[in-house]
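Residue numbers (the numbering used here), protein chains in the order written: chain F, 2 to 506; chain R, 838 to 1199; chain W, 25 to 359.
Written out below as structure tokens is the structure these notes cover.
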Amino acid sequence: MNEKRILEMRGIDKTFPGVRALQGVDFFLNEGEIHALMGENGAGKSTLIKVLTGVYTKDGGTISLQGTGEVQIHSPQDAQNLGISTVYQEITLCPNLTVAENMYIGRGKGQITNWKQMNTDAEKLLRSLDIPAKATQQLASCSIAVQQMVAIARAVDMECKVLILDEPTSSLDEQEVEKLFGLMRDLKSRGVGIIFVTHFLDQVYEVCDKITVLRDGQLVGEYEIKDLPRVQLVAKMLGKEMDDLSDIKGEGGGYQGKDSGEDVFEAKDLQSDAGIKPFDFHIKKGEVNGFTGLLGSGRSECVRAIFGADRVLKGSVKMHGKPVKIAKPIDAMKCGIAYLPEDRKVDGIVGDLSVRENIILALQVLTGFFKPFSRAKANAFADEYIKKLNIKTASADTPIKSLSGGNQQKVILARWLLMHPDYLILDEPTRGIDVGTKVDIQKLVLELASEGMSVTFISSETDEMLRTCSRLVVMRDRKVVGELSGDDLTQNKIMSTIAGGESKA
Amino acid sequence: MSAKKKIKTGGIWKKIVGNQMFIPVLAILILVIVNLIKDPSFFVVTMGLNNDGFPVLSGSLISILDNGSELAILAIGMTLVTAASGGQDISVGATIAVAGSAMLRVLCGDNPRPTATQAPVILAFLVACLVGMLCGAFNGALVSAFKIQPMVATLILFTAGRSIAAWINNNELPIVPDPKFAWFAGCIPGIPIPTSVFIAAACIVAIMLVLKFTNLGLYTQAVGINENSSRLNGINPTFIKFLSFVILGLCVAVAALIKVSRISTINYSVIAKDIEMDAILAVALGGNALSGGKFNMWASILGAYIIQFLTTTLYRFKVDSEARPAYKAVVVILLVVSSAPVVRNYFSQLTKRFTSAKKEVA
Amino acid sequence: MKKKVLAMLLASAMVLGLAACGEGGAASTDTASAPAQTEASGDLIKVGIINNDPNESGYRTANDKDLKAMFNEANGYDAKFAYSMKNDEQISAAQGFITDGVDYLLLSAADTAGWDSVLQDAQKNGVKVILFDRTIDADPSLYEASIVSDMAKEGQTAVDWLAGQGLSEYNVIHIQGHMGSAAQQGRSGALDAKVAAEANWNIVAQQTADWNAENAQQIVQSVIDAKTPFNVIYAENDDMAKGAVAALDAAGISHGVGKDVIVMGFDCNKWALEELLKQNWNYDGQCNPFQASYISDIIKTLESGGSVSEKTIIMDEKGFDASTITQADVDNYGI
């Protein structure tokens, strides 16, 4: 074993009913290295991480650690004892305890006896890692980024040699990401090996030293970051020479929607109980527009108000020029509006139900309680969209929860497309899914628009918005602050609109 | 696409073991075999005459079908409540007392010992249905609109139900004077099979038709699995949960009809005692998650008859009174544990290993 | 500041109060002096009655009715009732009555144990205790009298009656009440002893039906299904006998006077006695719920300065035979 090498995984196999998730995968990690683990959804990243942390038991292969040689990891506790710590995308700490308590509870050896000592220790560690939190502060009062950092601090203090960061940045804003990277670099200089799982290519190139790429449960290769340009990385992840991406980029100003024509949907003075200011909004037939703004600026709340997902307090809406009342989601559906929600797990999928049932759900509800589809019809619907959207699933009977994130998203998309809506709202349809699916979805949106569907598209990635939308509604502090279209659709213009008065001054 | 290589190891066997009906069917088979070994006459069904001189079938199997009726009917409603709300209704025994008491009140009027029934049975039954559904609606409203945990919400009627039942008849114990009333549990002259069996069968057919020709099943499961998502797909989760409790209330009324008919009177404190636990058990024995979500109606109904099969077997073997609950507990533990997802996964892995080992040898 | 002081005072008072309760509650109840309160209610004798839930059974319903008919203002009593089938609730109700300053505490305890301290309390406060229906495990000096049924005697009377039927062989289906209850133990004991003693007495099946008619029906059904011959049904209450008879009827087995199967029940429900009158059943043993007159007699003796000669008073209880029962019996003894 190489002296500097702290982790060696060789020939890892893992099979789930119906799927070989990992086949003979190798993975090596050196001391003081930030190593990106890349791959599309379903490539086996999560499975590999879970094998390493003892959540899953591997079917074959070996795991060796610096100093200890080959080890068997049967539980997350085993992994922790061996110095392997994980920080997940979702915070797994207790929000109602203090920062210090969160850092020291359930640490196996010994009990917390001296609270004062605990608080000073925690404070010291927080200072040394430059984490802006007080030891005695309640965790819930910290921002998500700080919570994530506390989780890292907890891991670091457990004398971890291997730190796994599983999509830690997906709910952070830019500044917070920078802070997190600072912390990662600090840890790297202390000799910690970091495995970094993310979907953001920029971030990989900003902070990582090496990249290991997985595809379809197999190892594609391990690369030095400087030897692998982005395009190549994407190509390796997708397993094909990708020019789709450049295709879309090539269109430049994005899809130029039909400026003429009637408004499909129109809202005046609309307000919901989710804390947004009343806003006006309209969309034409065949138009793709979007809401943009920082996280928490009220983008999602606006579309939820349109769909009746939150309680509507006031305002009037028209569909095809006729006044309608939308109080509940079913009202919106009856008007031909479809809504793909932001949080796939919480609001989108019905986990234990099959892919088929998930696909037909919305149309079935719209058709009526007393008119269930025949089995044959349901199968036909499901098969049609599994093929159309290229959904990777063992069969239509497979529970949706066993699909990868991107494929789950495609199923939800299929559900709404099956409804053949006049107006489709997509809230963060590309979050947490792989590049290939992202591109697929963007292309699909433009295709639908060209067929006459109106689409509202929300994404945290401005690039994506610029590529797809012909008009952007800009939001700040839960208020609509501007509308951009035509030549105004540039990164800079969006930034300055979001920044508003402050930047001008 | 290449990742989705299907692994075909012991395909049929796995399909059988993996089916939700596997454990309940296996349980029935084991009970049948044990009885066959101990006393094959368990399965003898004979035709005889009852005391009114009409032909009736008798035998342990008939007893199981007869006495399991109420439980099977309750299991239908309990399955829906469990699936939609992720909790259980523990008040069904008490609400049987309430519905039964209401039925007797209508049949007997103010006089607990009338010489003739004061109202037609159908009217009494409809009133009982109304009362049962009102009880269900009360529970359902607490659970769906006020978001109270089902067990806590139904604790109210569980505690108060039997007193309400007694209050309806001013603490009197009315006796139905018309011997025809006993037909609902016993046999209608000329038909050798107990009516309760037909009532249960009708309920089963009814729910299967409802599940086939409406979206009740899909909606209930969707709400039980993900309430948020169901709402965003146009379902009204509050109503679906409420509806499940009302349907259970209707099941309670039908079960009350049979229970009261068995003895043509009522005893508020002991009628349908502990039946709620058996009904919940039936759902669990069917391999349905008590935390809600997906359900299999047939499995629950089969679960109900397994419980009755077990009870009848224990009576038949004359198991000591004190030891009976212990026997039942052991069997229940075995069944519930073996249908738990963790254990099932373990066994499916075991079979997989076994079959792959066999292949290597070959 | 004032508020704080007040809170402190309140808190310390509560702590003291708790401590007092810990010592048997004597200190805390002393303050509410009994005589002062009785004067307020005039000449009426204050009684606190703690009973089981009247819905428990027909027996209890009759018992409660009987008590209510006796203990009212017309008869010179100021009566308060408390119902519970749980011991701890009954004990706190008793404490409440003592604090209220009742003259007599009438008690049908849910459970036999746990009554010592509250009864000592009663004694200290001059409250006289009379037990009815059920005895308790406490020193007899703590109560004036106990009016009970002798369940063992009820069982013995029934078994003696059955023995008197002179069958060549007794094959008995024994349907027991809730296991461990006084009625079950008493009524089972006599039969068990007889079966052990006599060669021609057999138990065909012995199962508990928990006082429940439908369970009893299933038990008898299973015996019939197994084709085991039997000629006696000994059910420990009327409900269970009724369930058993339903099973017999369904199977075409005759029962009653001069028929194939002898049916025996207990409690003397009116409808059960009517079955006797119709010769469908053979025997019904009484469990006398009418204790009110006994209690009233004792209270009158005590009030006039007399003393009770016997602490434990066992009520007269009959056994009715279908061949001798009359409509008058049904009217007088049916509950």
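Just so it is clear, CB atoms sit at the ideal spot from N, CA and C, and this is done for glycine as well.
- Using a threshold of 7 Å, is the CB atom of Arg-950 of chain R nearer than that to any non-hydrogen atom of the ligand HEM? Of ligands this structure carries none, so the ligand HEM is not represented either.
- Message: Could you compute how far the alpha carbon of Ser-461 of chain F sits from the alpha carbon of Thr-199 of chain F?
- Response: If you take the alpha carbons of Ser-461 of chain F and Thr-199 of chain F, they lie about 15 Å apart.
- Query: Gln-208 of chain W to Gly-201 of chain W, Cα distance in whole Å?
  - Reply: A direct Cα-to-Cα measurement between Gln-208 of chain W and Gly-201 of chain W gives close to 5 Å.
- Query: Under the DSSP definition of a beta bridge, which residues are partnered with Pro-1029 of chain R?
  - Reply: Paired residues: none, contrary to the question.
- Item | Leu-960 of chain R to Ala-1160 of chain R span [Cα, whole Å] | Put simply, the backbone Cα of Leu-960 of chain R is about 43 Å away from that of Ala-1160 of chain R.
- Message: Can you look up Phe-1132 of chain R in the DSSP assignment and give me helix, strand or coil?
- Response: Residue state, collapsed to three classes: coil.
- Message: For Ser-1137 of chain R and Val-151 of chain W, I'd like the C-alpha separation in whole angstroms.
- Response: Between Ser-1137 of chain R and Val-151 of chain W, the alpha-carbon positions lie close to 57 Å from each other.
- Item | Tyr-340 of chain F: contacting residues in chain R (beta-carbon distance under 8 Å) | By Cβ distance, chain R contributes Leu-1069.
- So which of W:Val-172, W:Ser-116, W:Val-153, W:Met-175 has the shortest CA-CA distance to Ser-165 of chain W? Measuring from the Cα of Ser-165 of chain W, the nearest candidate turns out to be W:Val-153.
- Task: Specify the secondary structure class of Arg-432 of chain F as computed by DSSP and reduced to three states.
- Result: Coil.
- With a cut-off of 8 Å on the beta carbons, I'd call Ala-982 of chain R and Thr-919 of chain R a contact; round off their distance for me. Actually they do not touch by this definition, with Cβ atoms about 19 Å apart.
- Message: Under 8 Å, with one C-beta from each stretch per pair, do the stretch 885-894 of chain R and the stretch 1059-1079 of chain R reach the 3-pair mark?
- Response: Contact between the stretch 885-894 of chain R and the stretch 1059-1079 of chain R is absent, with fewer than three C-beta pairs closer than 8 Å.
- So the beta strand (DSSP E) Glu-225 of chain W belongs to, where does it begin and stop? Note that residue 225 of chain W corresponds to Trp in the displayed sequence, not to Glu. For Trp-225 of chain W, the enclosing beta strand (DSSP E) has its first and last residue at 225-232.
- With DSSP as the reference, label Tyr-89 of chain F as helix, strand or coil. Tyr-89 of chain F: coil per DSSP, three-state reduction.
- Answer with yes or no whether the minimum CB distance from Met-104 of chain F to chain R is below 8 Å. No - not a single Cβ of chain R is within 8 Å of the one on Met-104 of chain F.
- Query: Buried or exposed: where does Ile-853 of chain R fall if 16 or more other Cβ atoms within 10 Å of its Cβ makes it buried?
  - Reply: In summary, Ile-853 of chain R is exposed, with fewer than 16 beta-carbon neighbours lying within 10 Å of its beta-carbon over all protein chains present.
- What runs of the beta strand (DSSP E), each 3 residues or longer, lie entirely inside the stretch 119-176 of chain F? For the stretch 119-176 of chain F, whole beta strand (DSSP E) runs of length 3 or above, ordered along the chain, are 163-167.
- DSSP three-state assignment for Lys-329 of chain F, whether helix, strand or coil: Correct three-state label for Lys-329 of chain F: coil.
- Query: How about Lys-1096 of chain R: is its C-beta nearer than 8 Å to some C-beta of chain W?
  - Reply: Yes, Lys-1096 of chain R lies at the interface with chain W (some Cβ there is under 8 Å from its Cβ).
- Throw me the rounded Cβ distance for the Gly-1086 of chain R and Thr-932 of chain R pair, which I believe falls under 8 Å. Right, their Cβ atoms sit about 7 Å apart.
- Identify the continuous beta strand (DSSP E) that holds Thr-457 of chain F and give its terminal residues. Unbroken beta strand (DSSP E) run through Thr-457 of chain F: 455-459.
- Using a C-beta cutoff of 8 Å, does Ala-912 of chain R count as contacting chain W? Not closer than 8 Å to any Cβ of chain W, the Cβ of Ala-912 of chain R fails to qualify, so no.
- Three or more C-beta pairs below 8 Å linking the stretch 99-117 of chain W and the stretch 66-76 of chain W: Verdict: yes, contact present.
- Nearest-angstrom Cα separation, counted from Arg-376 of chain F out to Gly-508 of chain F: The displayed coordinates of chain F run from 2 to 506. Any statement about residue 508 of chain F would go beyond what the structure contains.
- Message: Please tell me whether Thr-1051 of chain R has its Cβ less than 8 Å away from any Cβ of chain W.
- Response: Not one chain W Cβ lies under 8 Å of Thr-1051 of chain R.
- Item | Backbone CA spacing between Lys-402 of chain F and Gly-218 of chain F [nearest angstrom] | When only Cα atoms are considered, Lys-402 of chain F and Gly-218 of chain F end up about 18 Å apart.
- beta strand (DSSP E) runs wholly inside the stretch 174-207 of chain W, at least 3 long, in chain order: Taking only runs of at least 3 residues, the beta strand (DSSP E) segments lying wholly in the stretch 174-207 of chain W are 194-200.
- Task: Could you list which residues in chain W have their beta carbon closer than 9 Å to that of Thr-1149 of chain R, in chain order?
- Result: Among the residues of chain W, those whose CB is under 9 Å from the CB of Thr-1149 of chain R are Gln-242, Gln-245, Ser-246, Asp-249, following chain order.
- State yes or no: is the beta carbon of Pro-253 of chain W nearer than 8 Å to at least one beta carbon in chain R? No - not a single Cβ of chain R is within 8 Å of the one on Pro-253 of chain W.
- Query: When you check each C-beta in the stretch 1008-1023 of chain R against every C-beta of chain C, which residues fall closer than 9 Å?
  - Reply: No chain C is part of this structure, whose protein chains are labelled F, R and W.
- Message: Contact between the stretch 165-176 of chain W and the stretch 328-342 of chain W is defined here as three or more beta-carbon pairs at a separation below 8 Å; is this criterion met?
- Response: A contact exists between the stretch 165-176 of chain W and the stretch 328-342 of chain W.
- Indicate whether at least one CB of chain W lies closer than 8 Å to the CB of Leu-941 of chain R. With 8 Å as the cut-off, Leu-941 of chain R does not count as an interface residue toward chain W.
- Message: Does chain W have any CB closer than 8 Å to the CB of Leu-944 of chain R?
- Response: Judged by the 8 Å Cβ criterion, Leu-944 of chain R is not in contact with chain W.
- Task: Select from the stretch 1103-1134 of chain R all residues with a C-beta closer than 8 Å to any C-beta belonging to chain F, and list them in chain order.
- Result: Cβ contacts with chain F: Gly-1130, Lys-1131.
- Cut-off 7 Å between Cβ atoms - residues of its own chain near Val-1156 of chain R, not counting five sequence neighbours on either side: Same-chain partners within the cutoff: Tyr-1164.
- Could you name the residues that DSSP lists as bridge partners for Gly-309 of chain W? By DSSP's assignment, Gly-309 of chain W forms a beta bridge with W:Phe-290, W:Gly-343.
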